[in-house]
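Note sheet for the following structure.
Numbering (our numbering), first residue to last: 2 to 73.
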């Protein structure tokens, strides 16, 4: 199922919530750019869940080199 496409007011509301307050002259550019960004994001594969992020699965003990016999 596809996500519903936000309309112009929704996109501008998202921008304002993010702290981006644009002059009216730039609003249409933001709306056009947002449409392209949504298309690009939809092309990014998402085979893993959020819990598979490296910060959640990285184990520093497994990544460390084995202790050498010479170490004091």
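We put the CB at the ideal spot given by N, CA and C, even for glycine. From a predicted model like this one, the values you see are computed outputs, not experimental measurements.
Determine the DSSP secondary structure at residue i, reduced to helix, strand or coil.
i, result
"residue 69", "coil"
"residue 47", "coil"
"residue 31", "helix"
"residue 2", "Residue placement at residue 2 is poorly supported in this model, since its pLDDT is 41, which falls under 50; the coordinates still yield a value, given next. Three-state DSSP puts residue 2 in coil, outside helix and strand."
"residue 37", "helix"
Hey, out of the options, whose CA is closest to residue i's CA?
i, options, result
"residue 35", "69, 64, 61 and 16", "16"
"residue 9", "33, 50 and 26", "33"
"residue 28", "11, 41 and 43", "11"
Count the other C-beta atoms from every protein chain shown that fall within 10 angstroms of the C-beta of residue i, then say buried if there are 16 or more, exposed otherwise.
i, result
"residue 23", "exposed"
"residue 13", "buried"
"residue 20", "exposed"
Between which two residues does the alpha helix (DSSP H) carrying residue i extend?
i, result
"residue 11", "9-18"
"residue 61", "61-64"
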